[in-house]
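Heads up: the sequence shown begins at 1 in UniProt numbering, then just goes up one per residue. All C-beta atoms in this analysis are idealised placements derived from N, C-alpha and C, irrespective of residue type, glycine included. Note that this is a predicted model, so its numbers are computed, not measured. Just below is one structure, and these are the notes that go with it.
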Amino acid sequence: MPLLTYSNFEIEVQSLESQSCKLTIKDLMSAGAHFGHQTRRWNPKMKLYIFEEKNGLYIINLAKTLQQLRNALPHIRKVIQDNKTVLFVGTKKQAKCVIREAAIEAGEFFIAERWLGGMLTNMTTIRNSIKTLDKIEKDLSRNQAYLTKKEAALLAKRHQKLLRNLEGIRYMKKAPGLLVVVDPSYEKIAVAEAKKLGIPVLALVDTNCDPTPIDHVIPCNDDSLKSIRLIINVIKENIIEAKHKLGIEIVSPVKSLEVPDLSAFESSQDDESDEENREEDLLAKKFDGEAN
1 MPLLTYSNFE
11 IEVQSLESQS
21 CKLTIKDLMS
31 AGAHFGHQTR
41 RWNPKMKLYI
51 FEEKNGLYII
61 NLAKTLQQLR
71 NALPHIRKVI
81 QDNKTVLFVG
91 TKKQAKCVIR
101 EAAIEAGEFF
111 IAERWLGGML
121 TNMTTIRNSI
131 KTLDKIEKDL
141 SRNQAYLTKK
151 EAALLAKRHQ
161 KLLRNLEGIR
171 YMKKAPGLLV
181 VVDPSYEKIA
191 VAEAKKLGIP
201 VLALVDTNCD
211 PTPIDHVIPC
221 NDDSLKSIRL
231 IINVIKENII
241 EAKHKLGIEI
251 VSPVKSLEVP
261 DLSAFESSQD
271 DESDEENREE
281 DLLAKKFDGE
291 AN
């Protein structure tokens, strides 16, 4: 079988919005964006975006990837023009660092660790958790003389858990205008919540995914760090460009707070006893009650 080259994908691709997407099919190929899943793991609804089968893998049609991305960019810029926010979602290991970096650079929100059920559909509960996080930071920043070492350690652990999950949406006051998702099969709860609220979803979609609930399908290899970074960076750059043109200040969703070094209080053991968990829960309830 002849070597697959980027010329295989070269069908006529419209130049519309190309000034906002300098990506080429060759760039996508170099990043391995064309490699889909094994043929036995495919979703038939992705047939439209498949170029061919090769050595037991489906090859994604990169001409369609490029066209889909270019078609999506005006919608991304429209979200910024309407003074709405973008929420980046990518919690699997290949995506989380890319998602976090891109969102921070673009001044948008993100979930890179774990999607907690209700992050969109039950924001009252999420805001209460954020209030608890604020309360813990305030208390740990003050004189800790009134806390025993054990209480301080439990609070530090509680703080770490809350911050890890809520860091990227801590200052999100209302529902976003767009979700940008890496692998909608992996982030199906996030996609379902967005659809329930009528929030458009742009997603990097591999050959094993169902593209039906996705408003803007970007067919690509969603398991490759290079592929994810390449496409997410185009989205990020368009957000930044739109903000610059509108004179919108880019503000990081992650703010540096004067919180004391908590490393001295953090447990060095990964395994936690039932007693420690119970004590942490009791202390958490106390702070949850005071924060509300």
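Under the three-state DSSP convention, the category residue i falls into
i, result
"histidine 216", "strand"
"leucine 257", "Note that leucine 257 scores a pLDDT of 49, beneath 50, so its modelled location is shaky and nothing firm can be said."
"isoleucine 232", "helix"
"residue 308", "In the structure as shown, the chain begins at 1 and stops at 292. Residue 308 is therefore absent and cannot be evaluated."
"lysine 26", "helix"
"leucine 37", "Strictly speaking, residue 37 in this sequence is histidine, with leucine absent from that position. Three-state result, histidine 37: strand."
"lysine 150", "helix"
"serine 15", "Confidence is the limiting factor: at serine 15 the pLDDT is only 38, short of 50, which leaves the residue's position unreliable, though a coordinate-based value still follows. Note: serine 15 maps to coil in three-state DSSP."
"tyrosine 49", "helix"
"alanine 203", "strand"
"leucine 178", "strand"
"lysine 173", "coil"
"lysine 84", "coil"
"lysine 54", "strand"
Cβ neighbour criterion (16 or more within 10 Å) applied to residue i
i, result
"glutamine 38", "exposed"
"threonine 85", "buried"
"threonine 132", "buried"
"tyrosine 146", "exposed"
"lysine 138", "exposed"
"tyrosine 171", "exposed"
"arginine 229", "buried"
"asparagine 55", "exposed"
"asparagine 122", "exposed"
"lysine 245", "exposed"
"lysine 236", "buried"
"lysine 150", "exposed"
"lysine 173", "exposed"
"alanine 118", "Before going further, note that residue 118 is glycine rather than alanine in the sequence given. Exposed is the call here."
"glycine 36", "buried"
"lysine 135", "buried"
"lysine 64", "buried"
"leucine 28", "buried"
Under 7 angstroms between C-beta atoms of residue i and residue j
i, j, result
"alanine 103", "phenylalanine 88", "yes"
"valine 234", "alanine 203", "no"
"lysine 243", "isoleucine 232", "no"
"serine 227", "alanine 95", "no"
"proline 253", "glycine 168", "yes"
"cysteine 21", "arginine 100", "no"
"leucine 120", "glutamate 193", "yes"
"leucine 62", "isoleucine 25", "yes"
"valine 191", "proline 211", "no"
"residue 300", "aspartate 223", "Look at the range of the chain in this structure, 1 to 292, and you will see that residue 300 is not part of it."
"residue 308", "leucine 116", "Lying before the first or after the last residue shown, residue 308 is absent from the chain, which here runs from 1 to 292."
Rounded Cβ spacing between residue i and residue j (contact assumed at less than 8 angstroms)
i, j, result
"arginine 114", "threonine 148", "No, arginine 114 and threonine 148 are not in contact; Cβ-Cβ is about 30 angstroms, not under 8 angstroms."
Hey, is the region 44-53 in contact with the region 195-213, meaning 3+ C-beta pairs nearer than 8 angstroms? yes
**Asked** Would you say the region 144-158 touches the region 103-121, given that touching needs at least three Cβ pairs under 8 angstroms?
**Response** no
The region 117-128 / the region 211-219 touching (three or more Cβ pairs under 8 angstroms): no
(message) Quick check: the region 169-188 against the region 77-84, are at least 3 beta-carbon pairs closer than 8 angstroms?
(response) yes
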